Amino acid sequence: MITVQNVFKYFGRIPALKDISFEIGRGEIVGFLGKNAAGKTTLMRILTSYLPATSGRVFVGGKDVDKNSLAIRRYIGYLPETPPLYPNMTVREYLKFAAQLKDVPVKHMRSRIDRVLDDCRLLYVQNKPIAHLSKGYKQRIGIAQAIINEPELLILDEPTSGLDPVQIQQVRRLIKDIESKRTVLVSTHILSEIEHLAQRVLIINRGEIIKDESLKGLLAQGGAPPKIRVRFKGERDRVARMMTSLSFSGQAPISCDGETHVLEMEMGEGVTPNDLISPLLAAGIQVLEVKEHPLSLEDVFLRLNPPQPERADE
Amino acid sequence: MNKILTLAQKELTGYFKSPVAYIILIVTLSIFHIFFYMIIEENREATLRDVFLVMEFMFVFLVPLLTMRIFAEEKSGGTMEFLMTTPTSPTAIVLGKYLGSLIFFSLILLMTGVYYALIECFGRPDRVAALTGFLGVWLEGALFVAVGILASSWTRSQVVAALSSYLILFMLYFSASFIKYVGGPLQPVIHYVSTSNHAANFSVGLITISDFVYYVSGILFCLILTRAGIDNRLWR
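First to last, the sequence lines map onto chains G and E.
At position 291 of the first sequence (counting the first as 1) the number is 296 in this note's numbering, and the numbers step up by one without a gap.
At position 164 of the second sequence (counting the first as 1) the number is 254 in this note's numbering, and the numbers step up by one without a gap.
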């Protein structure tokens, strides 16, 4: 669906994208992850043909974005970082305006608007001016305009940024609902977002793609072993001494949780949870719970993308 | 064509949803009415020639207020990105917005048609001169709208857009006043560029190809520059 070949983008002398290449197949749901100013929005703007690349080629649906920008825009639904809304229009007026500009056939216009209002749970506010609605509603209206033309490719730039937790849940649920049958590219700097929405992750840092991996693969490899969490009762110091003598790698401190203690450890190569639990049981320690604790995307991201001093151009 | 009309309709409804447009409409028409009364009272002539002069002068100040938001608001509100990522060509966007503003301007001018009706009731005006006079003011206003839209496409700030329009319109409108201070080959250029010189011909019933070409080419020039300015794809 999307092919990006050796794309560079400069703003003046400042490089925003450096030699970006990747492919996204039809129906894939890809998370685009990176810190602020990493180049995510620039790349999305190039894909939607809003900005031209300085060099390199981009194909959407097999067509060159440079040569067929108007045709390509028919395939695309795009939600920019700030939902593009006209405050003095009502929700329905705005969606009608968007549908007209996106070539929705007149005979289908009414039914399409009704369906999108329903899908995005906007029926109740359809005749209210957008200016009077909450941020969560505005985000949903932004998504509604993006899907009004039933696009094959949906590009969402930071779809939950600035929302409160309840609104984030609502928007995530909505995106989940509309993901089916579409190729979706979601950009975000919120790691848990990707875990909820995407199957594959592209990590971008300072204009370069530093990781292109399936979500599962990324979490599985992540460059580190998974963690194990053991909840036990009593004799904290004795367990600590045992851990030292067993010389497991990546030993973690034992935290106290009421009457019980929690030991959290990274499992070294070739070490199984049994190697840890058996000595504890043999020593008569009362083990209450053993849980494998997979690495979060946040852990992986921080390993791949360690904090660095900010550059002047950022 | 449908998209041009859609965008024009959006601009037009945008004017009527804003109190600013009503205020501009009321203030402008009130000033026109006062001047119309004073001019007719003073001259005691069934002609609108001097009224047209006042209208032209007023439109220099009025039109930038109407056009300042056209693109500046889209840019500051983030909707420019929306427009430019729909399958709508930049040319259609510029034409649609221009058409919407031009219709609103034409409505204001249409309301001054009552002056002609009044002098027709109480005198025997030169009908041709009156009609060509309206045509001249309309063409001049259409050029002012195009200039205002061009200035609005340069910035996110409506204030900057309005000030830029004023700068250009003052140069175009008042340049005739400075002709006597400029000698040599620049004199005919300034004479041709001055909008008021061209409108003067219309107000006495004279339509020349040169005046027509001046307005139409000026409008096209501004719209082409606007189109080039909003299309990021031209600027790698």
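All C-beta atoms in this analysis are idealised placements derived from N, C-alpha and C, irrespective of residue type, glycine included.
These figures come from a predicted structure and were not determined experimentally.
Using a Cβ-Cβ distance cut-off of 8 angstroms, determine whether residue i contacts chain G.
i: T157(E); result: no
i: G104(E); result: yes
i: E135(E); result: no
i: E171(E); result: yes
i: M174(E); result: yes
i: S247(E); result: no
i: P109(E); result: no
i: T96(E); result: yes
i: G168(E); result: yes
i: K93(E); result: yes
i: S179(E); result: yes
i: D100(E); result: Per the sequence shown, residue 100(E) should be read as Lys rather than Asp. Cβ-Cβ to chain G under 8 angstroms: yes for K100(E).
Of all the CB atoms in chain E, is at least one closer than 8 angstroms to the CB of residue i?
i: P89(G); result: yes
i: G255(G); result: The predicted position of G255(G) is uncertain, since its pLDDT is 49 and thus under 50; a value taken from the coordinates is nonetheless stated next. So no, G255(G) is outside the interface.
i: T53(G); result: yes
i: I7(G); result: no
i: N132(G); result: no
i: L106(G); result: yes
i: N93(G); result: yes
i: I290(G); result: no
i: R145(G); result: no
i: P20(G); result: no
i: L75(G); result: yes
i: F102(G); result: yes
i: R62(G); result: no
i: Y142(G); result: no
i: R78(G); result: yes
i: I148(G); result: no
i: I81(G); result: yes
i: P164(G); result: no
i: P156(G); result: no
i: P85(G); result: yes
Thinking C-alpha only, which one of the options is nearest residue i?
i: H212(G); options: A43(G), L75(G), K107(G), A151(G); result: In the sequence under discussion, the amino acid at residue 212(G) is Gly, which differs from the His named in the question. Ranking A43(G), L75(G), K107(G), A151(G) by Cα distance to G212(G) puts A43(G) first.
i: V330(G); options: N279(G), K181(G), I77(G); result: The structure shown does not extend to residue 330(G), since chain G is modelled only from 6 through 319, so no value can be given for it.
i: R241(G); options: V9(G), R120(G), Q291(G), Y80(G); result: Q291(G)
i: L224(G); options: I209(G), F237(G), S197(G), M247(G); result: S197(G)
i: T59(G); options: V244(G), K14(G), I173(G); result: K14(G)
i: G289(G); options: I7(G), M248(G), V244(G); result: V244(G)
i: I146(G); options: P89(G), L281(G), T265(G); result: P89(G)
i: F27(G); options: R205(G), G17(G), T87(G); result: R205(G)
i: A287(G); options: M247(G), T277(G), L309(G), L268(G); result: M247(G)
Is the beta carbon of residue i sitting closer than 8 angstroms to the one on residue j?
i: D217(G); j: S192(G); result: no
i: I25(G); j: V12(G); result: yes
i: I180(G); j: A103(G); result: no
i: F126(E); j: V141(E); result: yes
i: E348(E); j: Y305(E); result: The question about residue 348(E) has no answer, for chain E in this structure spans 91 to 326.
i: I239(E); j: A98(E); result: no
i: M158(E); j: S243(E); result: no
i: I198(E); j: T118(E); result: yes
i: I320(E); j: P180(E); result: yes
i: D71(G); j: P92(G); result: no
i: R177(G); j: H194(G); result: no
i: H288(E); j: D301(E); result: yes
i: T47(G); j: L22(G); result: yes
i: P164(G); j: L84(G); result: yes
i: I3(G); j: K133(G); result: Nothing in the structure corresponds to residue 3(G), since chain G is present only between 6 and 319.
i: M270(G); j: K232(G); result: yes
i: M49(G); j: I29(G); result: no
i: V96(G); j: V9(G); result: no
Throw me the rounded Cβ distance for the residue i and residue j pair, which I believe falls under 8 angstroms.
i: T222(E); j: I297(E); result: 6 angstroms
i: L207(G); j: I214(G); result: 6 angstroms
i: A219(E); j: S286(E); result: Not really, about 17 angstroms apart at Cβ, beyond 8 angstroms.
i: Y55(G); j: E171(E); result: 6 angstroms
i: L190(G); j: F306(G); result: That belief does not hold up - the Cβ atoms of L190(G) and F306(G) are roughly 18 angstroms apart, past 8 angstroms.
i: V102(E); j: G190(E); result: Residue 102(E) is actually Leu in this sequence, not Val. Right, their Cβ atoms sit about 5 angstroms apart.
i: L259(E); j: V237(E); result: 6 angstroms
i: G186(E); j: K93(E); result: 6 angstroms
Tell me, which residues are paired with residue i by DSSP?
i: I81(G); result: L158(G)
i: V189(G); result: I34(G), L159(G)
i: P20(G); result: Y15(G)
i: L3(G); result: The requested residue 3(G) is not part of the displayed model; chain G covers only 6 to 319.
i: T8(G); result: E28(G), F64(G)
i: D69(G); result: F64(G)
i: Q99(E); result: Paired residue(s): none; Q99(E) is not in a bridge.
i: I297(E); result: None; I297(E) has no bridge partner.
i: K296(G); result: R234(G)
Could you check whether the Cβ of residue i sits closer than 8 angstroms to any Cβ belonging to chain B?
i: L268(G); result: Looking for chain B here will not work: the only protein chains present are G and E.
Given 7 angstroms as the limit, tell me if residue i has its C-beta closer than that to any heavy atom belonging to the ligand SAH.
i: E101(E); result: Annotation note on the ligand SAH: not contained in the displayed structure, which lists no ligands.
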